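Written below as structure tokens is the structure these notes are about.
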Amino acid sequence: MSGVWKFDPNGVLILVDNPLAASSFPGPCSGNKILVHSASNETMSSYEQLDAKLLELGWHAYCRNQFIRQYHRSHYTSDLITLPDLSFSSMRTTHMYDIVVKTRSAFQVRDA
């Protein structure tokens, strides 16, 4: 249940549906997103591509099992990127923004 509470002309409080909550609404959070390497304008479409770009930026593979893959920057920082290892297509927008924030604008998230 999402919406906005408003007073009608009689002074009765009513709940008005929120049109922004509809999944069909074309807003900034809807639709597919892609991860783009800013310097080369290259769209990341596989973990092999992403591994190469992160390695160039000083990130190293830290932990990998059948469910996750992790990268760390150095032994002296707590920076850690954790991604799902099932397939590259299982990466969500939150994972992409985690990469963007931790690599300091080396990547961008764009609409597909």
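Using my numbering, you'd call the opening residue of the sequence shown number 43 and step up by one each time.
Glycine included, C-beta positions come from ideal geometry on N, C-alpha and C.
Since the structure is predicted, the reported quantities are computational estimates derived from the model, not experimental observations.
Check                                                                                                                                     : Outcome
Buried/exposed call for isoleucine 141, threshold 16 Cβ in 10 Å                                                                           : buried
Inter-residue Cα distance where the pair is lysine 75 and leucine 125                                                                     : 16 angstroms
Sequence-distant residues of its chain with Cβ nearer than 8 angstroms to proline 70 (five each side left out)                            : Residue placement at proline 70 is poorly supported in this model, since its pLDDT is 49, which falls under 50; the coordinates are not used for a value here.
Cα-Cα separation, leucine 96 to serine 87                                                                                                 : 14 angstroms
Cβ separation of leucine 55 and valine 151, assumed to be a contact under 8 angstroms, to the nearest whole Å                             : With 8 angstroms as the limit, leucine 55 and valine 151 do not qualify as a contact, their Cβ atoms being about 39 angstroms apart.
Chain-order list of residues whose beta-carbon lies under 8 angstroms from that of leucine 147 (same chain, five-residue window excluded) : Reading off the sequence, residue 147 comes out as serine, not leucine. Around serine 147: Ser80.
Residue closest to glycine 100, alpha-carbon to alpha-carbon, out of Ser82, Gln108 and Ile123                                             : Ile123
C-beta atoms of tyrosine 104 and tyrosine 113 nearer than 8 angstroms                                                                     : yes
Contact set for threonine 145: own chain, Cβ-Cβ below 7 angstroms, skip 5 residues either direction                                       : Leu99
Leucine 92, buried or exposed, once every other Cβ within 10 Å from all chains shown has been counted against 16                          : buried
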